[in-house]
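These notes concern the structure reproduced below.
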Amino acid sequence: MEEIKRIYFSIQEKIRSRLNEFDRLREKGNDGEIFAELVFCILTPQSKAQSCWKTVETLLNKNLLLKGNEDQISKMLKRVRFRNRKAEYIVEARKHYPIRSKIKKFDDIYSAREWLVQNVRGMGYKEASHFLRNIGFGEELAILDRHILKNLKS
3 MEEIKRIYFS
13 IQEKIRSRLN
23 EFDRLREKGN
33 DGEIFAELVF
43 CILTPQSKAQ
53 SCWKTVETLL
63 NKNLLLKGNE
73 DQISKMLKRV
83 RFRNRKAEYI
93 VEARKHYPIR
103 SKIKKFDDIY
113 SAREWLVQNV
123 RGMGYKEASH
133 FLRNIGFGEE
143 LAILDRHILK
153 NLKS
């Protein structure tokens, strides 16, 4: 536990800075930025986060995030595992665009997360929690995966 505290205090400013970015996205982010975060969270399972964000940036730069078809998107997902399936999920997720208005309709964050899991293909509870946190709505959510749980047990 002491090591966890030591690590936390050494990166506390970086954590605060990132949380401020999430708050900014909630308050001032546009629908395109929110959708980019959704796509990022769809891409991350079994893929490296940095590669996924670079892929989102590529899709944005090539104007494919909101307009590309599955084949065009899949070709850009070279750094991402299960690229054909995830390209399909991205195209399908557009039917929920703009997604912020759907999220804001819920009285609580847990209902919003449940809606994401049930309605956005490729989103499990972990990804939905990450998405909500990344757009500034996840203060009440804990994001635990098997790696964290394994380390907590030891």
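In case it helps, this note's numbering puts the sequence shown at residues 3 to 156.
No residue lacks a Cβ here, since even glycine has one placed at the ideal position from N, Cα and C.
Where do the ends of the alpha helix (DSSP H) carrying lysine 50 lie? First-last for lysine 50: undefined, no H or E at that position.
I think glutamate 142 touches isoleucine 92, with their Cβ atoms under 8 Å apart; what is that distance to the nearest whole Å? Actually they are not in contact, since the Cβ atoms of glutamate 142 and isoleucine 92 sit about 28 Å apart, beyond 8 Å.
Give me the Cα-Cα distance between leucine 67 and phenylalanine 42, rounded to the nearest whole angstrom. 11 Å
Counted within 10 angstroms of its Cβ, other Cβ atoms place leucine 21 as buried (16 or more) or exposed: exposed
Can you tell which of Gln120, Val82, Lys16, Lys106 has its C-alpha closest to the C-alpha of glycine 138? Lys106
Nearest-angstrom Cα distance between isoleucine 75 and valine 119? 22 Å
Let me confirm a value: methionine 78 is counted as buried when at least 16 other C-beta atoms fall within 10 Å, else exposed. Which label applies? buried
Do the segment 124-137 and the segment 54-61 touch if we need at least three Cβ pairs shorter than 8 Å? no
With 16 other CB atoms within 10 Å as the buried threshold, where does serine 131 fall? buried
Give every residue of the same chain whose Cβ lies closer than 6 Å to the Cβ of serine 49, excluding the five residues on either side of it in the sequence, and list them in chain order. Val82, Arg83
Where does lysine 69 fall in DSSP's three states? coil
With a 10 Å radius around its C-beta and 16 neighbouring C-beta atoms as the bar for buried, classify glutamate 5 as buried or exposed. exposed
Quick one: grab the DSSP three-state call for methionine 3. coil
Would phenylalanine 11 be called buried (16 or more neighbouring beta carbons within 10 Å of its own) or exposed? exposed
Just checking my contact of lysine 80 with isoleucine 44 at CB under 8 Å: how many whole Å lie between their CB atoms? The pair is not a contact, with the Cβ atoms about 16 Å apart (cut-off 8 Å).
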